[in-house]
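Here is the structure we will look at.
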Amino acid sequence: MGLLEVKGINKRFGGLQALGDVNLSIQENTTHAIIGPNGAGKSTLLNVLVGKLIPDSGSVMFDGQSVLGRKPHEINQMGISRVFQTPEIFSDLTVFENVMIPCFAKRDGSFRMHAIESVFSEKGIQEQAEAILSDVNMLEKRHMITSSLSRGDKRRLEMAMCLVQDPKLLLLDEPTAGMARADTENTINLLKEIREQRGITMAIIEHDMNVVFSLAERITVLAQGMPLVEDTPDNIKGHPKVREAYLGEAQV
Amino acid sequence: MLGLEKKDFRLLLIVIGLTMLAPLILNPFPEGSEMAQFNAGYPDLMQRFVIFGIFAIGFNILFGLTGYLSFGHAAFLGAGSYGAVWMFKLLSMNVLPAIAISVIIAGLFSLLIGYISLRRSGIYFSILTLAFAQMSFALAYSVLTPITGGETGLQLALDDPRIFGASQTATGNIPVPALFGLEMRSSFELELGSWLFTFNTGYYLAAVFLIFAFYMSIRIFRSPFGMMLRAIKSNQTRMSYTGLNARPYTLAAFVISGMYAGLAGGLMASMDPLAGAERMQWTASGEVVLMTILGGAGTLIGPVLGAGMIKYFENIFSKINETILHSWFSFLPDGLEDFVVAMIYPFIGKGWHLTLGIVFMLVVIFLPGGLVQGGQKIAALFTRKKSEDVKPNATEPAE
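Heads up: the sequence lines are chains A and B, in that order. Numbered per our numbering, the first sequence spans residues 2 to 253. Numbered per our numbering, the second sequence spans residues 3 to 401.
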């Protein structure tokens, strides 16, 4: 039994079958990549996992509980964090505030009326936030408003915001999309570090094969809303069906 | 001090100082002089400064922090006023129970309206709150006449069945609101040379509430709750993917700001025990939006400044008439005098709205952070000369 068990998921948008009978099992303590040509249904699948979309049929079990019908914030509280294609951070707030917010969410749950005590009196939260910022080498930038950060820093900050919650599963939606070569390498190294030091289970959706093959331990290939194959990176590389799916896309 | 950072505590001290000395500060011109008409230190206007200051501080907790623009906050002010007047009619002329009930009523009312309106955000939220406020106005104006007094408004009468206290005074008059015998309308006048300063009980009561309201607003701004509200304004997607439910946070902010409005309404009724439906009208809701934006939404002191400025314009600028203008420019040759007066006249007296509109436009275009940003810019000009590294706009302007 995997940490995340997806069984028989179907999702239609009008006449389009976005996901057709998708099964997926993500084992605890692995990095699992989901790849596939454009329109394969990767993002739809991800949106189902985080509660943004409700599938027409099927089941999604996380850590023994169903996630279907739950709101995104409830699913996060179950232990699933998500990194977005373009970093979603609190851009009017400082770096430090950005990481304190998930600390509060982790400690106090989805709502708590702590309107009188000062943020500065929360020593425990501050220590947690400082620790994670020094882990991602951003401690000296903690007083900056995040909208003025570089793209790479925004990505690292978002990662820190997810990590500080100590999630059971970290979902990454094209974490290196639109990045320069050097930034991509940095992100790969950061993810490797996270994987080794924290032992967090990760699911990555990615286009960049370099990223996929340097990180993933299992790979699922989606094509036209259906899982084509699931195997180790070495076996995926030369798989005829995978080549067909990608070459087929190239011919169109 | 008092759980505040040094900077905030200093700001609180400044506000305490200004409100306590307002009768002196607002009367800088000697009585009977030409400039005396610019004096704002009379009780009625000073009461309005602080009451609308409270209203705007509360509104800012919702709008300044979460960015949810309510166009119906006057409904809570109106509801608070009605509640207070009913307390005067039924219970006692003491202002404390009246103010307490006005806060409670406004809180419950805003819980109901907020619960429904906050299902939407952005313009739809604004329209929902506007619709609710206009419905409340229409109800108060007609259908609910037995409770609200309809067109004439709710007033005290000689036969009110007051439980604690008499229906009439010994001389057959309606009793006046008081705080344990201290009448709200009573004033102490101090004559210093040709200056006349009025220290009014009602004003000082309202000022104490303003200080308390301001203090609470600082605490909320600096609390984890306040940080969550700013996070909602900044990015709701990240908010929910961080495991936080935005709805109860926004609802709590909405109710808190509704209670501030109720407090303002209760104080208004305490100063002058009547309540009318027009207090709920959309123009009144719009006014508090203007106050907050003019002063600086999302800043601590901004709403108070905005409220003061608008009320000053409304009461002082509107009093300047053509005769006064002529007397100012009488040193000019006749033709020129008439011309100058004709040019200025549309902007004063009844035309004060025009001046206010122009000021508002200038502020929004050049100082999106409101008067507070203007103050910061001026302060930065002076400090830059001393040290080179001035923090560029520590507080980001809110839209």
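Virtual Cβ for every residue (Gly too), placed ideally from N, Cα, C.
Annotation for His328 of chain B: no beta strand (DSSP E) segment contains it, though the alpha helix (DSSP H) segment containing it runs 324-330. If you compare the alpha carbons of A:Ile146, A:Ile10, A:Asn30, A:Ile36 with that of Leu4 of chain A, the shortest gap goes to A:Asn30. Within the same chain, Thr68, Gly69 come within 6 Å of Lys235 of chain B by CB-CB distance, once the 5 residues on both sides are set aside.
Taking C-beta atoms as the reference points, Gly155 of chain B and Gly351 of chain B fail to come closer than 7 Å.
Excluding its 5 nearest sequence neighbours in each direction, Phe73 of chain B has C-beta neighbours in its own chain below 6 Å: Ser128, Thr131, Leu132, Ser287, listed in chain order. Ranking B:Ala42, B:Asn323, B:Leu369 by CA distance to the CA of Leu198 of chain B puts B:Ala42 first. When Cβ-Cβ separations below 7 Å define contact, Ser26 of chain A makes no contact with chain B. Taking Phe90 of chain B as reference, the option from B:Ser119, B:Arg50, B:Gly359, B:Leu276 with the minimal CA-CA separation is B:Leu276. Judged by DSSP secondary structure, Ala116 of chain A falls outside any beta strand (DSSP E); it is assigned neither H nor E. When beta bridges are read from the DSSP output, Asp174 of chain A appears opposite A:Ile206. For Val51 of chain A, no alpha helix (DSSP H) segment is defined, and its DSSP state is neither H nor E. Counting only residues of its own chain and dropping the five nearest sequence neighbours on each side, Gly376 of chain B has a CB closer than 8 Å to the CB of Val365, Leu369.
Taking each of B:Gly308, B:Ile106, B:Ala255, B:Ile63 in turn and checking the Cα distance to Ala81 of chain B, the smallest one comes out for B:Ile106. By the neighbour-count criterion, in which a residue is buried when 16 or more other Cβ atoms sit within 10 angstroms of its Cβ, Ile303 of chain B is buried. In this structure Val49 of chain A touches Ile10 of chain A by the C-beta definition: roughly 6 Å separates them, less than 8 Å. Between Gly372 of chain B and Gly297 of chain B, the C-beta spacing is below 7 Å. Identification of residues in the segment 94-121 of chain A having a C-beta nearer than 9 Å to some C-beta of chain B yields Leu94, Glu98, Asn99, Met101, Ile102, Pro103, Phe105, Ala106, Lys107, Asp109, Gly110, Ser111, Phe112, Arg113, Met114, His115, Ala116, Ile117, Glu118, Ser119, Val120, Phe121, given in sequence order. In this chain, the alpha helix (DSSP H) harbouring Ile295 of chain B covers 284-297. The beta carbon of Phe201 of chain B lies closer than 8 Å to those of Pro25, Ser189, Phe190, Glu191, Leu192 in the same chain, with the five residues before and after it left out.
Here DSSP, grouped into helix, strand and coil, assigns Gln166 of chain A to coil. The criterion of a C-beta distance shorter than 7 Å is not satisfied by Ala224 of chain A and His33 of chain A. By the criterion of a C-beta distance shorter than 7 Å, Ile101 of chain B is surrounded in its chain by Ala86, Leu265, Gly268, Leu269, Ser272, once the five residues flanking it on both sides are discounted. Between the alpha carbons of Gly337 of chain B and Met345 of chain B lies a distance of about 12 Å. Contact between Leu158 of chain A and Val213 of chain A does not hold, since their C-beta atoms are separated by about 24 Å, which reaches or exceeds 8 Å.
Counting C-beta pairs closer than 8 Å gives three or more between the segment 4-13 of chain B and the segment 213-229 of chain B, which meets the contact rule. Chain-order list of chain A residues neighbouring Lys235 of chain B: Asp93, by C-beta distance under 8 Å.
Less than 7 Å separates the beta-carbon of Tyr205 of chain B from that of Pro45 of chain B.
Shown in chain order are the members of the segment 254-279 of chain B whose Cβ falls below 8 Å from a Cβ of chain A: Ala254, Ile258.
At the C-beta level, Thr294 of chain B and Ala76 of chain B stay beyond 7 Å of one another. It is roughly 44 Å from the alpha-carbon of Asp235 of chain A to the alpha-carbon of Asp93 of chain A. Taking Ile367 of chain B as the centre and dropping the five residues before and after it, the same chain places no C-beta closer than 7 Å to its C-beta. Going by DSSP, Thr252 of chain B is part of the alpha helix (DSSP H) stretching over 248-273. A residue is called buried once 16 or more other Cβ atoms fall within 10 Å of its Cβ, and Ile258 of chain B is buried on that count.
Listed as beta-bridge partners of Trp197 of chain B by DSSP are B:Leu194. Your pair Pro168 of chain A and Ile81 of chain A checks out as a contact, with CB atoms roughly 6 Å apart and the cut at 8 Å. Taking the Cα positions, Gln18 of chain A is about 6 Å away from Lys12 of chain A.
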